[in-house]
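Peer 1: Next up is a structure, given as C-alpha cells.
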Amino acid sequence: MVEAPKAMQRRVAIASLIGTTIEFYDFYIYGIAAALVFGKIFFPSLDPVVGTIAAFATFAVGFVSRPLGAVVFGHFGDRIGRKAMLVASLLTMGVATVLIGLLPTYQSIGIAAPVLLCLLRFLQGIGLGGEWGGAALVATEFAPKGRRGLFGALPQLGSAPGFLLSNGIFLGLSLFLSDEQFMDWGWRIPFVLSTVLILFGLYIRLSIAETPIFQHVLDKEAQSSAPIVSVLKSNSPEVLLGGMSTAITYVLFFTTGTFGLSYGVQTLGLERSHMLSLTMIAVFAMATSTLVCGMLGDRYGRPRVITISAFIAIVWSFFFFPMLDTGSSWLIALAMSTTLAVMGGIYGPMGAFLPELFKPSLRYTGAALAYSLGGIFGGALAPIIATNLAATYGSHSIGYYLAAMAVLSIVCVAILRRRMPKHFDEEVDSIEASPASKGTVGSALSTN
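Written as C-alpha cells, this is what we have:
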C-alpha cells in the first residue's frame, strides 16, 4: 500500500484536530450564550420559559442550515478538493461568529436584532456543515493502514477541546464580571476572540496537502458533475440511515451541555459558574471515550462499538435526570460525565464509519450530508424537546426520549452494516494497481 510520509500524516492529524476544535468552539459558544444570555437580551418581552425556547430555536437554525453547507461545500470538495473547502468553511464559520459578538440587542434595534441573530446562526451552520466532511475525509484518507478509526476520531475529538475552551472562557467571565457586566458586554468576548483562532486555523490548514485518494479520483476523471444528484440517486438510504444513526450523539451532547446547563441554572437554582465547571469535567470523559472507542473500532469493527455504546445509552438514559435532580454536585458531575462518555463511545467511531458508506468521488457530499442530517434529527431539536418534556411531564420523561433515539441508532447501524461497501479497500487496491499511482501519490503529498 502506498502511504503518506509519517510527517505528513502527523501534520494532517494535528490539522484535523485543531481545525475542528476551532469550528466547534465557534458553534458551542452560541449554545452556551443561548442557554444563559440570548433569551433575555434578544427576546426580553417573552415569558422566561418561552424566551429560553425561542433562544434554543435560534440555536436550532444552525443545524437546519448544515445540510445546505454539506451540499455546497461537498459539491466543490468532491470536484476541486478537500483542502480548499476546509479553508473556506473555516472562514464562513469564523466571520459569522465574530459578527454575532458585534450584534446590537433587541433594546437597541428591536426585532431586527433576533432576525440578524438567526441569519448569522444560519451562516454558522453552513460553515460547520462543510467543515466536518472535509476534516473527516482528510484524516481518514491520509490514515495509515489499520488506523483509520483512530484518525477518524481526531476530528470528532475536536469537539471536546472546543467545548472546554468555550466553557472555560464563559466560566472565567462569570467569575470576574458581575451579572450586569456579563449581560451587558461580557458575553460578546468569546465571539470576538474567534478572530485569533481563525487566523491560527488558516495557518494550520494551508500547510497540509490534498489527499492522495482524491488526487487519484482527479486523475481517473471519475468525478460527478453534480455530486448531490449522484448521492441522492445512488446513496439515499446511506444518507438517511447515516443521519439517523448519528442523531443520538447530538441528543446526548446537547441535552447535557446546552439544556442541562440551562436546567441546572434556571430550574435547580445552581450558580452559572458552578454548572459550567461541572460540564467541563464531563467533557474530559467524552474526550477520553471518543479517542478510545475510535481505536476500538479499528480492532473490533466500528458498527459493533457503536451498537454496544448505544445499548449502554438506553439503560443509562433513565438514570441521568434523577441524578441531576438531586442537586448534589458529585452526582451531577457523575451523571454528566457518564452521559458524555457514552456519547463519545458512539461519536468516536462515527468519524470513520460515515465516510466508509460512500465511494471517493461522492464521499465529501455523502458523509457531510449524513452528518448534517444527524444534527437536525438530534441537535436542533434536543434542547427544545427536552425543555418541553421537562415543563410538561417532568424531567424524568426526557429519559424515554434519549432511550428512543438510542434504539433508532442501533436499528439504523444494523441496516447499514448489511449494506456497507468496502470502498476504502477497493480504492487502495486501485491506486496500487494504477501504473501512475506512485507519481500521483507523490505529487499529492508534495503539495503544501
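Numbered according to the working numbering, the sequence shown spans residues 2 to 449. Ideal Cβ placement from N, Cα and C applies to all residues, glycine included.
Measure from the alpha carbon of residue 172 to the alpha carbon of each residue in 278, 185 and 243, then state which is nearest.
Peer 2: Counting from one through the sequence shown, the residue named residue 172 turns up at place 171. Checking every option, the nearest Cα to that of residue 172 belongs to 278.
Peer 1: Tell me the rounded alpha-carbon separation between residue 179 and residue 106.
Peer 2: For the purposes of this step, residue 179 is taken as residue 178 along the sequence shown, with counting starting at 1. For the purposes of this step, residue 106 is taken as residue 105 along the sequence shown, with counting starting at 1. Distance between the alpha carbons of residue 179 and residue 106 is about 19 Å.
Peer 1: Are the Cβ atoms of residue 511 and residue 137 separated by less than 8 Å?
Peer 2: With the chain covering 2 to 449 only, the question about residue 511 has no answer from this structure.
Peer 1: Suppose only complete runs of 4+ residues qualify. What are the alpha helix (DSSP H) ranges in the segment 116-142, listed by chain order?
Peer 2: Runs found: none.
Peer 1: Excluding sequence positions up to five away, which residues of its chain have a Cβ less than 6 Å from the Cβ of residue 246?
Peer 2: Taking the sequence shown and counting its residues from 1, the one referred to as residue 246 is at position 245. Hits under 6 Å: 410, 413 and 414.
Peer 1: Select from 68, 142, 147 and 108 the residue whose C-alpha is nearest the C-alpha of residue 297.
Peer 2: The sequence position of residue 297 within the sequence shown is 296, counting from 1. For the residues 68, 142, 147 and 108, the minimum Cα distance to residue 297 belongs to 147.
Peer 1: Reducing DSSP to helix, strand and coil, say where residue 234 ends up.
Peer 2: Within the sequence shown, numbered from 1, the residue matching residue 234 stands at position 233. In the structure shown, residue 234 sits in a helix (DSSP, three-state: H, G or I).
Peer 1: Counting Cβ pairs closer than 8 Å, one from the segment 56-65 and one from the segment 378-392, do we hit at least three?
Peer 2: Verdict: yes, contact present.
Peer 1: Output needed for residue 25: all residues of its chain with C-beta closer than 6 Å, excluding positions within five of it in sequence on either side, in chain order.
Peer 2: Within the sequence shown, the letter at position 24 stands for residue 25. So the qualifying residues of the chain are 159, 160 and 163.
Peer 1: Thinking just about the alpha-carbon of each residue, which of 358, 87 and 282 is nearest to the one in residue 208?
Peer 2: On the sequence shown, position 207 is the one that residue 208 refers to. The candidate whose alpha carbon is nearest that of residue 208 is 87.
Peer 1: By how many angstroms is the C-alpha of residue 111 removed from the C-alpha of residue 98?
Peer 2: Counting from one through the sequence shown, the residue named residue 98 turns up at place 97. Counting from one through the sequence shown, the residue named residue 111 turns up at place 110. Near 21 Å, if we compare the C-alpha coordinates of residue 111 and residue 98.
Peer 1: CB residue 78 to CB residue 372, shorter than 8 Å?
Peer 2: The residue you call residue 78 lines up with position 77 of the sequence shown. The residue you call residue 372 lines up with position 371 of the sequence shown. Not a contact, by the Cβ cut-off of 8 Å.
Peer 1: Determine the DSSP secondary structure at residue 160, reduced to helix, strand or coil.
Peer 2: Taking the sequence shown and counting its residues from 1, the one referred to as residue 160 is at position 159. Helix, per DSSP.
Peer 1: What's the call for residue 263, buried or exposed, on a 16-neighbour Cβ count within 10 Å?
Peer 2: Residue 263 sits at position 262 when you count from the first residue of the sequence shown. Buried, by the Cβ-count rule.
Peer 1: What is the residue span of the alpha helix (DSSP H) that residue 189 lies within?
Peer 2: Sequence index remark: in the sequence shown, residue 189 carries index 188 (1-based). Counting along the chain, residue 189 falls outside any alpha helix (DSSP H), and DSSP gives it neither H nor E.
Peer 1: Spatial neighbours of residue 321 within its chain, please: C-beta separation below 6 Å, excluding the five flanking residues on both sides.
Peer 2: The residue given as residue 321 occupies position 320 in the sequence shown. Excluding sequence neighbours, residue 321 sits near 336 and 340.
Peer 1: What ranges does the alpha helix (DSSP H) occupy inside the segment 295-344, keeping only unbroken runs of at least 4 residues that lie completely in it?
Peer 2: Runs of the alpha helix (DSSP H) inside the segment 295-344: 303-325.
Peer 1: Would you please verify whether the beta carbon of residue 38 is less than 8 Å from any beta carbon of chain C?
Peer 2: Absent from the structure is chain C; it holds one protein chain and no more.
Peer 1: Quick one, which of 84, 165, 168 and 71 has its alpha-carbon nearest residue 125's?
Peer 2: Looking up residue 125 in the sequence shown gives position 124. Ranking the options by Cα distance to residue 125, first place goes to 71.
Peer 1: Between the beta-carbon of residue 319 and the beta-carbon of residue 400, is there less than 8 Å?
Peer 2: One-based indexing of the sequence shown puts residue 319 at position 318. One-based indexing of the sequence shown puts residue 400 at position 399. Yes, Cβ-Cβ distance for residue 319 and residue 400 is below 8 Å.
Peer 1: Among the candidates 14, 15, 16 and 35, whose CA atom is the shortest distance from the CA of residue 267?
Peer 2: Taking the sequence shown and counting its residues from 1, the one referred to as residue 267 is at position 266. Ranking the options by Cα distance to residue 267, first place goes to 35.
Peer 1: Could you tell me the boundaries of the alpha helix (DSSP H) in which residue 84 lies?
Peer 2: As a first step, residue 84 must be located in the sequence shown, where it is residue number 83. Counting along the chain, the alpha helix (DSSP H) containing residue 84 begins and ends at 83-102.
Peer 1: Note the first and the last residue of the continuous alpha helix (DSSP H) segment covering residue 397.
Peer 2: Sequence index remark: in the sequence shown, residue 397 carries index 396 (1-based). Premise fails: residue 397 is in no alpha helix (DSSP H) and is neither H nor E.
Peer 1: Considering only residues of the same chain and omitting the five flanking positions on each side of residue 255, which have a CB-CB separation below 8 Å?
Peer 2: Here residue 255 refers to the residue found at position 254 of the sequence shown. Taken in chain order, the residues that qualify are 32, 379, 380, 383 and 384.
Peer 1: Return the chain-ordered list of same chain residues with a C-beta closer than 8 Å to the C-beta of residue 289, the five sequence neighbours on each side being excluded.
Peer 2: Taking the sequence shown and counting its residues from 1, one reaches residue 289 at position 288. These residues qualify, in order along the chain: 342 and 345.
Peer 1: Compare the Cα-Cα distances from residue 85 to each of 59, 211, 168 and 14 and report the closest residue.
Peer 2: Mapped onto the sequence shown, residue 85 falls at position 84. The residue with the shortest Cα to Cα distance from residue 85 is 211.
Peer 1: Helix, strand or coil for residue 263, going by three-state DSSP, please let me know.
Peer 2: Stepping through the sequence shown from its first residue, residue 263 is reached at position 262. In the structure shown, residue 263 sits in a helix (DSSP, three-state: H, G or I).
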